[in-house]
Amino acid sequence: MKKIMSVIAVAAVVLTTVFGLDTTTVADDIIATIDGTIASGSTSSILKVNTTEGTYEIKLDSGTQYTGSKILLPGRNVSVSLKHGDDAYLHAVTVKDSGTSGVSVDRSNTSEVTGTIKDVDSKNVIYFEISNGEMQVKLDETTDLSGTTFLMAGNKYTMKVARGSDAYMHAVSIYDAGGSSYSSGNYVSSTGSSYSYSTATLSGDTYSCTGTVSSSTKPDVLYLNCSDGERALKLDMNTDTSHGYVLIPGMRLSVSYRYGSDAYWHAVEVSGETAGKTGASVKDSDPTTVVGTVSSKTTPDILNLEVSNGTMEIKLDSLSSLDGIKAITSGQKITVKIGYGSDAYWHALSISG
4 MKKIMSVIAV AAVVLTTVFG LDTTTVADDI IATIDGTIAS GSTSSILKVN TTEGTYEIKL
64 DSGTQYTGSK ILLPGRNVSV SLKHGDDAYL HAVTVKDSGT SGVSVDRSNT SEVTGTIKDV
124 DSKNVIYFEI SNGEMQVKLD ETTDLSGTTF LMAGNKYTMK VARGSDAYMH AVSIYDAGGS
184 SYSSGNYVSS TGSSYSYSTA TLSGDTYSCT GTVSSSTKPD VLYLNCSDGE RALKLDMNTD
244 TSHGYVLIPG MRLSVSYRYG SDAYWHAVEV SGETAGKTGA SVKDSDPTTV VGTVSSKTTP
304 DILNLEVSNG TMEIKLDSLS SLDGIKAITS GQKITVKIGY GSDAYWHALS ISG
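For the sequence shown, the positions run 4 to 356 when my numbering is used.
The structure is reproduced here in structure tokens:
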């Protein structure tokens with residue numbers, strides 16, 4: 004059947020180009036179905052499919068139906084039913100994708116990015132180029148593609164992504180860029196808050212206390228439950244928090260403090276657990292900026308940041324500076340510059356209020 008189809012296709016070209024005959028009247032019936040893999044060089048209008056008989060160039064039009072999936076990326080196995088067109092091309096009636104196997108994906112915590120599909124590998128991993136680098140995003144059977152006609156290398160899309168149990172980011176949904184309020188590779192953010200710190204003169208002896216952070220803690224006042232009661236300790240411009248800037252309720256910290264000229268006790272130094280180095284390489288040029296609220300699930304290693312469309316997990320091992328703030332605590336709105344790491348995590352490069 005395939006050879007008959009090829010002969011008919013060649014005859015149509017010859018009739019059109021040599022004899023100049025009108026071939027606009029054609030049958031709508033399916034003439035053949037081919038199985039193969041999508042070839043590089045496919046576009047939004049021409050699908051190239053490698054088969055054992057060679058490479059077919061097939062037109063995609065408004066009537067083409069996509070079943071199983073809409074993933075038309077190089078290397079994907081597809082089955083395509085064909086009919087003749089009045090332009091000497093074969094046209095796709097249906098395109099059926101073989102699909103992929105999913106893994107456990109945390110769909111309750113998603114983020115959204117916009118970029119261009121550059122390539123795809125044999126494991127159904129999309130190499131997705133965004134404004135600050137390249138992401139690797141896996142496709143699943145359950146990826147929602149209702150917002151796009153098809154996926155094609157070189158085209159621009161917006162993806163909602165979530166982390167999977169295999170440490171990859173997975174595409175929860177994909178739609179053509181322009182159908183979302185997101186207009187760049189950055190996460191949409193709202194205006195952050197700023198904090199002012201006092202500069203009181205400290206005097207008297209230095210005391211110390213080890214305890215757990217209270218839920219009353221604010222960005223400028225640490226409430227610490229010590230063995231003999233709760234301390235309210237101001238964080239000022241001179242407080243050293245380089246060894247303990249994550250002040251989430253329940254965390255255990257050690258603090259040295261002195262009395263201030265404003266009649267408050269002031270923290271001199273805060274010490275606690277800090278993020279361990281992961282060894283991942285992080286792209287720190289042209290960082291992405293995101294604004295959100297610190298979640299109570301934050302740890303010294305992972306900043307859980309609540310953004311407009313979910314919760315981001317951001318590693319803190321690459322953090323080089325706190326800009327204008329002394330600490331981060333639950334419920335605080337912050338601005339974070341992030342870079343993508345070789346471990347498929349976002350990493351914080353700097354945090355400001």
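For each residue, glycine too, the CB sits at the ideal point set by N, CA and C.
For Glu137, three-class secondary structure by DSSP: strand
How do the segment 129-137 and the segment 42-49 stand: do at least 3 beta-carbon pairs fall below 8 Å, yes or no? no
Quick check for students: name the residue ranges of the beta strand (DSSP E) that lie wholly in the segment 261-305, counting only runs of 3 or more. 268-274, 291-297
Contacts around Ser201, its chain only, beta-carbon distance under 7 Å, and the 5 residues preceding and following it disregarded: Lys237, Asp239, Asp265
Nearest-angstrom Cα separation, counted from Gly167 out to Arg110: Going by the C-alpha atoms only, they are around 9 Å apart.
What are the partner residues of Leu154, as DSSP defines its beta bridges? According to DSSP, Leu154 shares a beta bridge with Ile74.
Could you tell me the alpha carbon to alpha carbon distance between Ser345 and Val140, rounded to whole angstroms? Roughly 13 Å between the two C-alpha positions.
Closest to Gly66 by CA distance: which of Tyr59, Lys86, Thr58, Lys51 is it? Nearest of Tyr59, Lys86, Thr58, Lys51 to Gly66, Cα basis: Lys86.
Check whether the Cβ atoms of Glu60 and Ile49 lie closer than 8 Å to each other. yes
Using the rule of at least 16 other Cβ atoms within 10 Å of the residue's Cβ for burial, across every protein chain shown, is Gly295 buried or exposed? buried
Is the Cβ-Cβ distance between Thr54 and Ser84 less than 8 Å? no
What three-state label does DSSP hand Ile33 in the structure shown? In this structure, Ile33 counts as coil in the three-state DSSP scheme.
I'd like to confirm the pairing. Which residues does DSSP put opposite Tyr226 in its beta bridges? Beta-bridge partners assigned by DSSP to Tyr226: Ala235.
Pair within 8 Å by beta-carbon distance, Gly214 and Leu227: yes
Excluding the five sequence neighbours on either side, which residues of its own chain have a C-beta within less than 8 Å of the C-beta of Ala203, listed in chain order? Lys237, Asp239, Gly263, Ser264, Asp265, Tyr267, His269
Could you compute how far the alpha carbon of Gly39 sits from the alpha carbon of Trp349? 37 Å
Output needed for Lys62: all residues of its chain with C-beta closer than 8 Å, excluding positions within five of it in sequence on either side, in chain order. Ser48, Ile49, Leu50, Gly88, Asp90, Tyr92, Leu93, His94, Ala95, listed in sequence order.
Could you spell out the range, first to last residue, of the beta strand (DSSP E) harbouring Met254? Run containing Met254: none; DSSP gives neither H nor E here.
Under 8 Å between C-beta atoms of Ser333 and Ser311: no
Return the CA-CA distance between Ala180 and Leu142, expressed in angstroms with no decimal places. 18 Å
Would you call the CB atoms of Val249 and Ile331 closer than 8 Å? yes
Just the Cα atoms here: how many angstroms apart are Asp208 and Thr242? 16 Å
Straight-line gap, Thr161 to Val271 (C-alpha atoms, nearest Å): 46 Å
Residues in its own chain within less than 7 Å of Ile341 by CB, not counting five upstream and five downstream? Pro290, Thr291, Val293, Ile317, Trp349, His350, Ala351, Leu352, listed in sequence order.
So the beta strand (DSSP E) Glu115 belongs to, where does it begin and stop? 114-123
Note down the Cα distance separating Val285 from Ser321, rounded to an integer number of angstroms. Using only the alpha carbons, I get a separation of about 8 Å.
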